[in-house]
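Working notes for the structure below.
In the numbering used here, the protein residues as written are 103 to 417.
Okay, here's the thing in structure tokens:
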């Protein structure tokens, strides 16, 4: 055996390598086992409600503990609407902040601005929800919502009486909560765009905006898409802040001004006060639905990234 073979053999039997591989594998298996255990426990606790209501629970628009009638439709509706509005608002804001920090801002301003944006993520959700009740909600009720009603009242989503608690305040609170996450990820992704690509575009006569729009953003598209869906997952699972500002009312309403509810908010607000075992099992059924929605979001994120990467390789 030559020197190269001897070196390879020695590397294979190093105790440190074996220990590192074992620890890494154990960590991966522990994460998978924990996820499986959580899913099993939630489904097991929800099984009596799943067996009692079946799939009709998903589209039943009722929640009445007195008559033991439960359904998830209004909570699924509130979760999806508030989260997607938050994503729709947070994505352009986050991309704009990330582009400013990576392409436009002077170096002396990058760190302070990035720190301020990231500090938003450090605010506890209960504090943000309390701010929503005391400050943000009244401002929406007296300023923003009347303006939206006057300018766009012909649209059903901006019709009806205004309120400081509802789907719109919840969506805006969620926007504030996910902007730091999406911004941090987009900034990291855009900072990794090869400088040669943008410099080459500028050398060919493109403006800075054209270089960003035609080169940097397409290159970073897979990562930005994943960041968006990660922010969506954060919004889907938020409970405490949403509970404080959404109004906790069962029903599907056209207006964003109307109080509503979400899966996470309903579980957080009523789990401790559940009066019957069936109500408790129904709340766990809501948790199982939320887990499925989150899982589907992650699967979509992975498929979007894979599709972008495949298109890039073929280009």
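Idealized CB from N, CA, C, for every residue including glycine.
Note that the structure is predicted; figures quoted are calculated from it, not measured.
It is roughly 9 angstroms from the alpha-carbon of residue 361 to the alpha-carbon of residue 347. Taking all protein chains in view, the Cβ of residue 383 is crowded by 16 or more other Cβ atoms within 10 Å, so the residue is classified as buried. Judged by their CB atoms, residue 265 and residue 349 are nearer to each other than the 8 angstroms cut-off. Assigned with DSSP and collapsed to three states, residue 171 falls in strand. In the three-state DSSP reduction, residue 163 falls in the coil class, being neither helix nor strand. Pairing residue 161 with residue 355, the inter-Cα distance amounts to about 15 angstroms. Apart from sequence neighbours up to five positions away, the residues of its chain that approach residue 406 with a beta-carbon distance below 6 angstroms are 327, ordered along the chain. In this structure, residue 339 sits away from residue 276, with a CB-CB distance that is not shorter than 8 angstroms. The residues 382, 385, in chain order, have a CB closer than 7 angstroms to that of residue 376 in the same chain once the five nearest residues on each side in sequence are set aside. Between residue 155 and residue 179, the CB-CB gap reaches or exceeds 8 angstroms. The beta-bridge partner set that DSSP reports for residue 349 consists of 362.
With respect to the C-alpha of residue 176, the residue from 364, 198, 400 having the closest C-alpha is 364.
Collapsing the DSSP output to three states places residue 116 in coil. Taking the Cα positions, residue 119 is about 21 angstroms away from residue 133. The beta carbon of residue 314 is closer than 7 angstroms to those of 201, 205 in its chain, skipping five residues each way along the sequence. With respect to the 8 angstroms criterion, residue 203 and residue 212 are classified as neighbours on the basis of their beta carbons. Comparing C-alpha distances from residue 257 to each of 153, 359, 157 shows the shortest one belongs to 359. Pairing residue 230 with residue 223, the inter-Cα distance amounts to about 10 angstroms.
Ranked by Cα distance from residue 232, the first of 345, 317, 165 is 345.
With fewer than three CB-CB distances shorter than 8 angstroms, the stretch 179 to 198 does not count as touching the stretch 298 to 312. One Cα belongs to residue 129, the other to residue 262, and the distance between them is close to 52 angstroms. Residue 335 is not a Cβ neighbour of residue 243, given a cutoff of 8 angstroms. Cβ neighbours of residue 337 within its own chain (closer than 6 angstroms, five residues either side excluded): 185, 188, 276, 280.
Straight across, the Cα-Cα distance linking residue 343 with residue 403 is about 25 angstroms. In this structure, residue 149 lies away from residue 352, with their beta-carbon atoms at least 8 angstroms apart. Secondary structure of residue 177 (DSSP, three-state): helix. Assignment of residue 298 by DSSP, reduced to helix, strand and coil, places it in the helix class. Nearest in C-alpha terms to residue 298, of all of 283, 284, 318, is 318.
Distance from residue 174 to residue 159 at the Cβ level is roughly 6 angstroms; contact confirmed, criterion being Cβ atoms closer than 8 angstroms. In this structure, DSSP gives residue 251 a helical state, which the three-state scheme calls helix.
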